[in-house]
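**Student:**
In our numbering, the protein residues as written are 26 to 389.
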C-alpha cells in the first residue's frame, strides 16, 4: 500500500504545483493588464508594481489553490482510470476510498496551510498591498481628480474609555452612518450605549442624528427609559482624520483579532455584527474548500464512457463553479439575516461534501 500511496502522491503533487504556479502567473498578468493604461499614463515605478504583487501574492494564492487541487485530482484519477489502474486496484481488494486516502490527506494539509496563510500572513500582506495600491499605484490618479472614498466598518478606540463604531465613513463629506458608541468607566465596565443613524463633522464637533442613549447599570441592564434626540452634538476628541485611518476589514484581521473586534460590540444588536460574524465563521470554512473540492471532483474523474476524461473535467469544473456560487449565495443570505452566521458560512461546504461522498459511494 505504501507503494500505491507514493505513486498517487507523486501523481498529484506535480500537477498541483504546476497549476498553482500557472494560475499565479496568469492572475498577475491579467491584473497588470487591467490597469496597464494607468501604469503607462502616470509612469508608475516598476519597483512599486513589483512590491505590490509581492504582498498581493498570498491573496491570489488562496484564491487559486482550490481550483489547482481540483484539476490535480482530476488529472491523477482520470489518468489512472484511463490505464485501468483503478480497476486493477479494486480487483486487488483495494477500495476506492483507500485509493483516495492520500489525496484527501493532501487536501487536509493544503486546507491547514491555507488557514495559516489566511490567518497569519494575509492580514499583514493585505494591509501593505492596499497601502501600496493607494499611495503608489493610485496616487497620481487621485491627485488628478479628487474623489470621495467610502470606508466600511470603521472603529476608533477613543479617549475617555470610549469606543466608536460606524458602518461607513465618507472621507470627503465627513459623514458616519449606523453609529454605535460604548462608554466605559475606569474599571472598563460598560456605562452607556449610544446609537445614531448618522453623524457629520461640524465646527462645534460631531453632530449625530436620530440618537438613542441608554444608561447601563453594573449588571448590564438598561437604567430607565432610553433617551431620544433628533440631533445631538458630541464633543469627541476624535477628528475626521482619526476615522479615516481606522477601517477594519475582515481580511485585515486574523481570526482572533476579528473575534475580539466583534466582542467589543456585543449586545448592540445582531444587525450591526451579523456580517462580521459571517466573515468570522467563513475564515475557517473557507480553508476546507480545498479538501471538499476533492470529494466533488473525484467521482467525475472516474467516468469510463467514451470521452469520459473531457466529460469528467467539464463536469468537475461546472460543479466546482456551482459550489462557489452556492457559497456566495449562502454568505449573502447570512449577511442579510436570512440564515444564522454559522450556518451561512458552512452550508455550502456541508451540502457539497455530502454530494461528493454520495457520488463516490455510488462508484465504490
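Just so you know, even glycine gets a beta-carbon here, dropped at the ideal spot from N, CA and C.
Anyone know if the C-beta pair for residue 80 and residue 153 falls short of 8 Å?
**Tutor:** Result yes, Cβ atoms of residue 80 and residue 153 sit closer than 8 Å.
**Student:** Would residue 48 and residue 89 be called neighbours here (beta carbons separated by less than 8 Å)?
**Tutor:** For residue 48 and residue 89, yes; Cβs fall inside 8 Å.
**Student:** Along the alpha helix (DSSP H) that carries residue 408, what are the first and last residues, could you check?
**Tutor:** There is no way to answer for residue 408, as the model of the chain reaches only from 26 to 389.
**Student:** With a threshold of 6 Å on Cβ separation, who are the neighbours of residue 239 within its own chain once the five nearest residues in sequence on each side are excluded?
**Tutor:** Cβ neighbours of residue 239 beyond the five flanking positions: 218, 247 and 251.
**Student:** Hey, how far is the Cα of residue 371 from the Cα of residue 305?
**Tutor:** Cα to Cα, the separation comes out at about 11 Å.
**Student:** Answer yes if the segment 215 to 230 comes into contact with the segment 255 to 264, meaning at least three C-beta pairs across the two stretches below 8 Å, and no otherwise.
**Tutor:** As far as the Cβ criterion goes, the segment 255 to 264 touches the segment 215 to 230, which means the pair count is three or higher.
**Student:** Taking only beta-carbon atoms, is residue 263 less than 8 Å away from chain B?
**Tutor:** Among the protein chains of the structure shown there is no chain B, as only one such chain exists.
**Student:** I'd like the list of long-range same chain contacts for residue 148, defined as Cβ closer than 8 Å, with 5 residues on each side in sequence excluded.
**Tutor:** So the list reads 276, 277, 278, 279 and 282, once near-sequence residues are dropped.
**Student:** Count the other C-beta atoms from every protein chain shown that fall within 10 angstroms of the C-beta of residue 105, then say buried if there are 16 or more, exposed otherwise.
**Tutor:** Label assigned to residue 105: buried.
**Student:** Determine the closest residue to residue 190 out of 184, 205 and 197, with distance taken between C-alpha atoms.
**Tutor:** Nearest of 184, 205 and 197 to residue 190, Cα basis: 205.
**Student:** Could you give the first and the last residue of the continuous alpha helix (DSSP H) run that contains residue 366?
**Tutor:** Unbroken alpha helix (DSSP H) run through residue 366: 366 to 388.
**Student:** Can you tell me whether residue 108 is buried or exposed, with buried defined as 16 or more other CB within 10 angstroms of its CB?
**Tutor:** Residue 108 comes out exposed.
**Student:** Taking the alpha-carbon positions, what's the residue 382 to residue 87 distance?
**Tutor:** Roughly 24 Å separates the two Cα atoms.
**Student:** CB-CB under 6 Å to residue 42, same chain, minus the five flanking residues each way: which ones, in chain order?
**Tutor:** Contacts found: none.
**Student:** From 325, 141, 338 and 380, pick the residue whose C-alpha is nearest to that of residue 312; which is it?
**Tutor:** It is 141.
**Student:** Under 6 Å Cβ to Cβ from residue 300, same chain only, skipping five residues before and after it: list those, please.
**Tutor:** Taken in chain order, the residues that qualify are 360.
**Student:** Are residue 98 and residue 323 close, meaning C-beta to C-beta below 8 Å?
**Tutor:** Yes; because the gap between Cβ atoms is below 8 Å, this pair is in contact.
**Student:** Determine the DSSP secondary structure at residue 176, reduced to helix, strand or coil.
**Tutor:** Residue state, collapsed to three classes: strand.
**Student:** Express the C-alpha separation of residue 83 and residue 302 in angstroms, rounding to a whole number.
**Tutor:** Going by the C-alpha atoms only, they are around 23 Å apart.
**Student:** Determine which residues share a DSSP beta bridge with residue 239 and list them.
**Tutor:** 218.
**Student:** For my contact list, residue 37 and residue 131 are in at a C-beta cut-off of 8 Å; report their separation, rounded to the angstrom.
**Tutor:** Yes, residue 37 and residue 131 are in contact; Cβ-Cβ is about 6 Å, under 8 Å.
**Student:** Apart from the five residues on each side of it in sequence, which residues of its chain come closer than 6 Å, Cβ to Cβ, to residue 307?
**Tutor:** Taken in chain order, the residues that qualify are 370.
**Student:** Answer with buried or exposed for residue 122, where buried requires no fewer than 16 other C-beta atoms within 10 angstroms of its C-beta.
**Tutor:** Per the 10 Å Cβ criterion, exposed.
**Student:** Would you check if the distance between the CB atom of residue 92 and the CB atom of residue 29 is smaller than 8 Å?
**Tutor:** Against a cut-off of 8 Å, the Cβ pair of residue 29 and residue 92 comes out as no contact.
**Student:** Between the C-alpha atoms of residue 353 and residue 249, what's the straight-line distance to the nearest angstrom?
**Tutor:** So the alpha carbons of these two residues sit roughly 43 Å apart.
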